[in-house]
Amino acid sequence: MVQSSVLGFPRIGGNRELKKATESYWSGKITQEELIKVGKDIRAANWKLQKANGIDLIASNDFSFYDQVLDLSLLFNVIPSQYNKYNLNNLDKLFAMGRGLQKDSIDVTALEMVKWFDSNYHYVRPTFNPSTEFKLPENDADIKPLAEYLEAKALGVETQPVLLGPISFLTLGKPEKEYLDSLDLLSLLPKLIPVYKSLIEKLQKAGAKNIQIDEPVLVLDLDKKTQDAFKTAYDSLNLASLPLKSTIATYFGTVVPNLDAIKTLPVSGFHFDFTRAPEQLDTILSWLSASKYALSVGIVDGRNVWKNNFAKSLKVIEASVAKLGADRVTVATSSSLLHTPVDLEAETKLSEEIKSFFAFATQKLKEVKVLATAASDKNSVESELKANEEYVTKRQTSKLINNTAVQERVAGITDSMGRRNHPFPERYAVQKDFYKLPLFPTTTIGSFPQTKEIRINRNKFQKGKISAEEYETFINSEIEKVIRFQEEIDLDVLVHGEPERNDMTAYFGEQINGYAFTLNGWVQSYGSRYVRPPVIIGDLSRPKPMSVKESVYAQSITTKHVKGMLTGPITMLRWSFPRDDVDQKTQAFQLALVLRDEVKDLENAGINIIQVDEPALREGLPLRSGAERDAYYKWAAESFRVSTSCVEDKTQIHSHFCYSDLDPNHIKALDADVVSIEFSKKDDPNYIREFKTYPNHVGLGLFDIHSPRVPSKEEFITKMGKILETQEYEKFWVNPDCGLKTRGWEETKVSLTNMVEAAKFYREKY
Ligand code: GLN
Ligand code: ZN
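Residue numbers (the working numbering): -3 to 762.
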């Protein structure tokens, strides 16, 4: 019989219970026992739901109060010494490592947070040193995977504990600062493996019959040494000697280039993602059919909100069964469902038609079960298969999805649409004359503090408690406040402050045809921060201007230049749930055309400087080097240029990037006149030098907007001095790292004032 498996379920609760409880605990409103109880209830509900849906392999240890990788660091005693100083209990230590702790006499910063592959989830990076002493807690009750396995068992649910595997745990981590160049992480393997072994033995003794070990790094480019480490690690772990089934799981990409690394490992089977990398099927089946390994077919997408296409999935499943036999095949989610919203039933405002296209985590459980059943006995799920067939046709032909005018316009994009009238030096000559900006022009990235008052008014407007006119008056008064402040401290290029925007993607998405919105479609981004991505459901078009009104108002009340502010095509795409029926490039170009019209409208309305933000440019980069990545470099840059190249030479296009190490060449390809880049935490002269050859103008962010800390004028002077040592001074803009949305007004005022003073200091000198 073909079995069904779910690699993990969202742990935030159907109503974001975990967020509420965690934040209440942090602010001292509930006790630790109360928080623990909320976690326990969520786990119980998740397990029971999966059992009720007939899932055979239900994950445990997929829950976390902060991050599953951080859980493992804590479990294995990978705890940098500063966190051990204060006698914190386990959970408080977890939070201190995840988000830092400043309380009474305690002051520790958080560990580094990094993106989980190409998803919008962030994990806390394990940090190792040569004498890291891996060990399990003495008390079994503190061994999380064991405790949770037993907890489920007590509820009558047999689960499959999930652990991040040893090679991924080490290679996703980094050495502590002093050992950055000297510590080879894989050299820690011999010390680490015995701890895995004793953990898995404990799980087996407690009754576990199955265990899943995630090795997601297998979808990355791995050097020979890392590839070889798999054999060493798993041979020495020797799971085949234990009476339990072990599955190594990968997801988010193809494993084929690393196949040799895992081909002969002593485990029972493998899980692969055939939603992201269907092309690996043939290679994998021909390898497996000559072996005894079992295959878990990842076919229900753990990363999106779309209903599965059963007929298409069944082809993959049936091919697997034909080669391996039903007993060796499991039907599974492609990855953990962590990256999908919890339950579609909570969406009371979506139209029935759109709703009929979606499956959230709860609905995906049924899909896994139906597919597993269909693999052995199609008749028993005949009505489900038929309904699914109807869905596929309905979606393909839906008016909500298809817009021929948009498709034709994308097909008609020409090279010249992605090219400005003249190259930068000629444009700059015109701009220099027109703007007459001083040396070291000062500006900000766009948003100003989003105060409680702004949130209250937005809320009132959304609930219909104030009229559109009243809301507009309020927004204009906020814009005016921001403009007057910028004039007062003498910034050179002003912004309107973005008070009307709750989120830089959703704000535009709401005004674009072809987007859908959820009420409750939250997914965890990191810790207690969840996001609610809008969904691209069809061809995208703009019924009317989206940002012109606010920019024009701001420009009308000042003689200084005000930047128009837009979100770029790649960021719109990456921070939405994309379509799965059209490639990402096409969606990016549709967005590019929407933005192109907006850019033109801004220009026509007298907005001369327009910033198109692309903070997500880096995260769209395919995980592996090669053709796909090279192609991305090209189309991502082109989609930006199509958005922005419709303007006259005089119009100055800005762009902004953050959250990532960017390759200056990638930025160069966008051909923006001015770019601003997150920079303040980069303590790295090499990175400054990399931008030396950047041909256009550039602002390297001078202060960290994630922290309330206020840098003094002298600090700004020192920082600018360092940059000016290598950077051509005529090209250099002065700005913060990113938008000031999450900051308070107090610190914003002082920081920006000091920044402007420092720019003036250097103006005198040059
Ligand atoms: N213009 C946006 C802001 O200032 C940019 C935000 C971002 O880069 N994440 O908030
Ligand atoms: Zn930013």
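Backbone N, C-alpha and C define an ideal beta-carbon position, used for all residues, glycine too.
| query | result |
| --- | --- |
| Closest to residue 298 by C-alpha separation, out of 482, 502, 312 and 328, would be which residue? | 328 |
| Under the DSSP definition of a beta bridge, which residues are partnered with residue 110? | 119 |
| Please list, following the chain, all residues that have a C-beta closer than 5 Å to any non-hydrogen atom of the ligand ZN. | 611, 654 and 734 |
| Grab me the residues of residue 259's own chain with a C-beta within less than 6 Å of its C-beta, minus the 5 sequence neighbours each way, in chain order. | none |
| What residue range is occupied by the uninterrupted alpha helix (DSSP H) comprising residue 285? | 277 to 285 |
| What's the C-alpha gap between residue 149 and residue 157? | 11 Å |
| Quick check: what's the CA-CA separation for residue 532 versus residue 574? | 5 Å |
| Does the count of Cβ pairs from the region 376 to 383 and the region 314 to 321 closer than 8 Å reach three? | no |
| To the nearest angstrom, how far is the alpha carbon of residue 621 from that of residue 379? | 43 Å |
| When DSSP labels each residue in this structure, what does residue 723 get in the three-state scheme? | coil |
| Quick one: give me the first and last residue of the alpha helix (DSSP H) that residue 844 is part of. | Here the chain comprises residues numbered -3 to 762, so residue 844 is not present and cannot be evaluated. |
| Given a cut-off of 8 Å, decide if residue 589 and residue 301 are closer than it, judged by their beta-carbon atoms. | no |
| Give me the Cα-Cα distance between residue 125 and residue 99, rounded to the nearest whole angstrom. | 27 Å |
| Is residue 609 near the ligand GLN, with its Cβ less than 7 Å from a heavy atom? | yes |
| Less than 7 Å between C-beta atoms, sequence neighbours within five positions excluded: which residues of the same chain meet that for residue 86? | 70 and 138 |
| Do residue 38 and residue 338 count as a contact pair if the criterion is CB distance below 8 Å? | no |
| Based on DSSP bridge pairs, tell me the residues matched to residue 291. | 266 and 325 |
| Any chance you could list the alpha helix (DSSP H) runs of at least 4 consecutive residues sitting entirely within the region 175 to 202, in chain order? | 185 to 201 |
| For my contact list, residue 246 and residue 53 are in at a C-beta cut-off of 8 Å; report their separation, rounded to the angstrom. | No, residue 246 and residue 53 are not in contact; Cβ-Cβ is about 16 Å, not under 8 Å. |
| Closest to residue 106 by CA distance: which of 728, 702, 244 and 740 is it? | 702 |
| Quick test of your reading: residue 707 and residue 747, contact by CB under 8 Å. State the CB separation rounded to the nearest angstrom. | 6 Å |
| Have a look at residue 63 and residue 523 and give me their C-alpha separation to the nearest angstrom. | 6 Å |
| Taking 7 Å as the line, does the beta carbon of residue 561 fall inside it for any heavy atom of the ligand GDP? | For the structure depicted, the ligand GDP is absent and the ligand set comprises only the ligand GLN and the ligand ZN. |
| Please confirm whether any heavy atom of the ligand GLN lies closer than 7 Å to the CB of residue 615. | no |
| Please indicate yes or no: does the CB of residue 652 lie closer than 7 Å to some heavy atom of the ligand GLN? | yes |
| Sort out for me which residues DSSP pairs residue 650 with in a bridge. | 607 and 670 |
| Give me, in chain order, the residues of the same chain whose beta-carbon lies closer than 8 Å to that of residue 773; leave out the 5 immediate sequence neighbours on both sides. | A query on residue 773 cannot be resolved here, the shown segment of the chain reaching from -3 to 762 and no further. |
| Based on the DSSP output, what are the partners of residue 573 in its beta bridges? | 531 |
| Per DSSP, what kind of secondary structure is residue 302 in: helix, strand or coil? | strand |
| Along the chain, which unbroken stretches of the alpha helix (DSSP H) at least 4 residues long are found entirely within the region 540 to 570? | 544 to 552 and 565 to 570 |
| Do you know offhand how far residue 155's Cα is from residue 616's? | 34 Å |
| Less than 8 Å between the beta carbons of residue 472 and residue 462, yes or no? | no |
| In three-state DSSP terms, what is residue 5? | coil |
| If the criterion is Cβ atoms closer than 8 Å, does the pair residue 151 and residue 43 meet it? | yes |
| So for residue 481, helix, strand or coil by DSSP? | helix |
| Spell out the partners DSSP gives residue 695 in its beta bridges. | 672 and 729 |
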